[in-house]
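S.K.: To convert, note that position 26 of the sequence shown is 154 in our numbering; the numbers rise steadily by one, no gaps.
Note that the Cβ used here is the ideal one computed from N, Cα and C, for glycine as well.
Computed from a prediction, not measured in an experiment: that's the story for all the values here.
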Amino acid sequence: EKHLAASVNIFSKTSTMYYWKGEIQDASETLMLVRTKTSRIQQVVEYMRTIHPYANPEVLGFSVEDGSSAYMKWMDEAIPDD
Numbered sequence: 129e130k131h132l133a134a135s136v137n138i139f140s141k142t143s144t145m146y147y148w149k150g151e152i153q154d155a156s157e158t159l160m161l162v163r164t165k166t167s168r169i170q171q172v173v174e175y176m177r178t179i180h181p182y183a184n185p186e187v188l189g190f191s192v193e194d195g196s197s198a199y200m201k202w203m204d205e206a207i208p209d210d
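#1: Find out if the Cβ-Cβ distance for the pair Y199, L132 is shorter than 8 angstroms.
#2: Indicate whether M160 and N184 have their beta-carbon atoms separated by less than 8 angstroms.
#3: Can you tell me which of S143, F139, R163 and Q171 puts its alpha carbon nearest to the alpha carbon of K201?
#4: Residues in its own chain within less than 7 angstroms of I169 by CB, not counting five upstream and five downstream?
#5: With 16 other CB atoms within 10 Å as the buried threshold, where does V172 fall?
#6: Using three-state DSSP, classify Y147 as helix, strand or coil.
#7: Return helix, strand or coil for T158, following the three-state DSSP convention.
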């Protein structure tokens, strides 16, 4: 609805271990791979913060240097400019 991403993969029930408040936590969580434009990353981060149950959700951005030109064109068309 918000057109923040061209596509999203959702991996349910992934296993994760992390330090939280000085202790090792072992939990199950959902991992999302969100494909978006660089110009939309902060909007995605803010949206995830509003819907995520964690106080400090892991939201990371990775640059794409190259890829299928047809896919990159589709992505550009799928996400409207600001």
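M.R.: Per the coordinate set shown:
#1: no
#2: no
#3: R163
#4: G189
#5: buried
#6: strand
#7: strand
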